[in-house]
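Below is one structure, written out as structure tokens, with a few remarks after it.
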Amino acid sequence: MSSPFSINGGAAVAMTGKDCVAIACDLRLGLQSLTLSNNFPKIFQYSPSTFLGLTGLATDISTVADTLRYRVNMYRLREERSPSPRTLANLISSSLYEKRFGPWFVSPVIAGLDEKYVSDTPTHPRQPTPLPPAPEPLTS
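With the sequence shown counted from 1, adding 1054 to any position gets you the working numbering.
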């Protein structure tokens, strides 16, 4: 029997740069070699600079995204501000822990910029590594 995480599959990646982030995912929804849709969203925006990528079981992706949308909206009403990426990570962590005995089969990836951690100093450009010398040709 296969893992519930691999039934619908999926991939999500996030990376950081200087004062920027990127997040990407595939849009395929399927079961092994059967493709049901090529437009299944797996990335959700919860604030102007915070995104969540979810992979795993398709029904749990929809449930978790809707549940987090509700909790983020409640957070905005109480705090009168959008959640930072760190706050969203804590919210997701506690939400997944609540369901530990009947878990959601999702793997979250969070990408976002937090205003107090954005650097003001320029980064040094990466120095290219020199190529090794070419090998000498063989002579017979």
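Positions of the beta carbon are idealized from the N, C-alpha and C atoms, including for glycine.
When only Cα atoms are considered, W1158 and R1130 end up about 24 Å apart. With contacts defined by Cβ atoms closer than 8 Å, L1081 and N1062 do not form a contacting pair. Looking from the CA of V1126, the closest CA among L1106, Y1151, N1144, Y1100 belongs to Y1100.
Within 10 angstroms of the beta-carbon of L1090 lie fewer than 16 other beta-carbons, which makes it exposed. G1064 is not bridged by DSSP to any residue. Going by DSSP, P1139 is part of the alpha helix (DSSP H) stretching over 1139–1152. When the alpha-carbon of S1136 is set against those of S1148, S1147, R1123, the nearest one is in R1123.
V1160 counts as buried, since no fewer than 16 other beta carbons sit within 10 angstroms of its beta carbon.
Counting only the Cα atoms, E1190 lies some 55 Å from P1058.
Boundaries of the beta strand (DSSP E) harbouring L1085: 1083–1085, taken from the DSSP string. Counting other Cβ atoms within 10 Å of its Cβ, F1155 stays below 16 and is therefore classed as exposed.
A1165 counts as buried, since no fewer than 16 other beta carbons sit within 10 angstroms of its beta carbon. Per the DSSP secondary-structure output, V1160 pairs in a beta bridge with G1110. For K1072, the number of other beta carbons within 10 angstroms of its own is below 16, and it is reported as exposed.
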